[in-house]
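In my numbering, the protein residues as written are 1 to 446.
Here a beta-carbon is modelled for each residue, glycine too, at the ideal position from N, C-alpha and C.
Working notes, structure below.
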Amino acid sequence: MGGWRAKDAEFNPGPPDLSWQEAFPGDVAFRCFLSIFSFAVAQSFYQIQLPVLRLMPSVVKSAAPIVHGLLAGLLFALPACKASKSGADAAKRAPVPSEYRFDPAAAKRQFAIPPTQVMVFGLEHLDNAAPAFQVAWLEPILCRLRAYKPDIILTEAMSGEQVMGLDAYADYHGTAGRYAGPTLQMAKTAQADLKLTAAQALVRANVLSGQPNLTSAQRRQLAHLFVAAAEPFSATVQWMRLAKTERMAADGISPNLVKMLNGFAGIRSELASIGVRLAVDLGLERIYGAGDHRSDVTLPADSAWNTALTAEPGLKDSFSHRIPAFHSIPEDTMKLRTAAQVMPVMKWHNSPRYAELDADAQWLAMLRSEKMGRVGRQRVAAWEAQNLRMAVAIREATAPIAGGRALLIVGAAHKSFIEAYLRTFTDIELVSVPAMLDAKSAGCNE
């Protein structure tokens, strides 16, 4: 039923109870009646031309003019009633605001234990750094991240479950090989060797990784299981936790797999150079993939996208940050040609100013563009869906560590969106990356 709600003091008319109200809601019916009655009275008195107080015979005698007045009033008032009903129908079709505004984030005040802390560390993908870049230059960053001491580490890599799912739906998605070709190839080979599906391998890996004091043989077995589960970076964590002399072909590990695991351990990508190295340093058994490409299926067609970009050529420079707002750090510095450039670039990519500029230059620019139109909005929708799924992956991974700490290592463009979604969750408290980088942790160099 309608009425005033004490909670938010918003009037809710509620659904009508009687069928006649659907045609003439109470306020509309009253206005129609008032219009007809007023016009009829005016017409009647004009025709009768008598005072109100008359003898009864005179009133009876004047009945015919009154009837005429009522009929005339009805004819003239019907258009007003129709207009009023149209307005009422339009109001009826208008969206009704939600009656109950629950804010999950507000529940943080009710916790019996501290909230789960999440740090979202943004950076440009290190694969794109200058050829002179060396992973050893990341030590000042790793030192500070070790001081943060996350209980779980997530990266932008896809989870094994998603890799295998995209492969199963290749006719629909067609992206598993594009983003995880080596992972998929390694996984299928290991699955054949172990005679396990990816899901079965993951179940066994979870059981084995939960055991204390793993032997070298168990770590090799665990690495093999993670490879079969399409989790090569978790396999690399196990591989790197072995002594160098134990990183050999044994316990199901083939010489070819040894070569591939050593290759994963040595890549410049932040997945290994930060994610894997940090997990090994902290004694963690695995890292988690939070990346998502299921939403790629919602991307606009390449032809439509290229046509839209051609119609709005200025957006190309905006997307590539070739605009004055991004010149606070020299372009050469951004290429990470020296060790001294690493810290300033990392601070810039995690600053609130960068987040604001990047979101405006890419995603908000598309929404503002009339020439991009629906194509731009479709691209933004896919982007938001991707980041929301990544936030969900973080929430799922943090479920077992309530009150603990998590770290996500991700492309800088994702950071502001993922953080915005994480703020809506009950048990998440964001940790400042700039404060972490500015901290003078013991033993950490600048």
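Our two residues, A393 and I153, have alpha carbons roughly 12 angstroms apart in a direct line. Taking a contact as a CB-CB distance under 8 angstroms, the pair L126 and S216 does not count as one, their CB atoms being some 30 angstroms apart. Between the stretch 177–192 and the stretch 273–282 there are fewer than three inter-stretch CB-CB distances shorter than 8 angstroms, so the stretches are not counted as touching.
Rounded to the nearest angstrom, the gap between the Cα atoms of K316 and I401 is 42 angstroms.
Inside the stretch 404–441, DSSP marks whole alpha helix (DSSP H) runs of 4 or more residues at positions 412–422, 433–438, from first to last along the chain. In terms of CA proximity to A355, K415 leads the group V120, D296, K415. Distance from the CA of I113 to the CA of G404, rounded to the nearest whole angstrom, comes to 10 angstroms. Assigned with DSSP and collapsed to three states, E370 falls in coil, not helix or strand. Annotation: the stretch 85–168 contains the following complete segments of the alpha helix (DSSP H) (minimum length 4 residues), in chain order: 139–148, 160–168. Just so you know, the alpha carbons of R353 and S303 end up roughly 34 angstroms apart. Following the DSSP letters along the chain, one finds A235 inside the alpha helix (DSSP H) bounded by residues 232–240.
If you draw a 10 Å sphere on the C-beta of H293, you find 16 or more other C-beta atoms in it, and that means buried. Put simply, the backbone Cα of V118 is about 6 angstroms away from that of V431. Rounded to whole angstroms, A381 and M372 show a C-alpha spacing of 13 angstroms. Under the three-state reduction of DSSP, A250 is assigned to coil, being neither helix nor strand. Look at Y288 here: in three-state DSSP terms it is strand.
Closest in alpha carbon position to A412, among L282, R423, R395, V433, is V433. Contact between P104 and T424 holds, with the beta-carbon distance rounding to 6 angstroms and staying under 8 angstroms. DSSP places S318 inside the alpha helix (DSSP H), whose first and last residues are 314–319.
In its chain, beyond the 5 residues on either side, W137 have a beta carbon closer than 6 angstroms to the beta carbon of A339.
With respect to the 8 angstroms criterion, H321 and A361 are classified as neighbours on the basis of their beta carbons. In the structure shown, the three-state DSSP call for T310 is helix.
Taking C-beta atoms under 8 angstroms as the contact rule, F264 and T245 fail to qualify, at a distance of about 19 angstroms. Contact between I418 and M390 holds, since their C-beta atoms are separated by about 6 angstroms, short of 8 angstroms.
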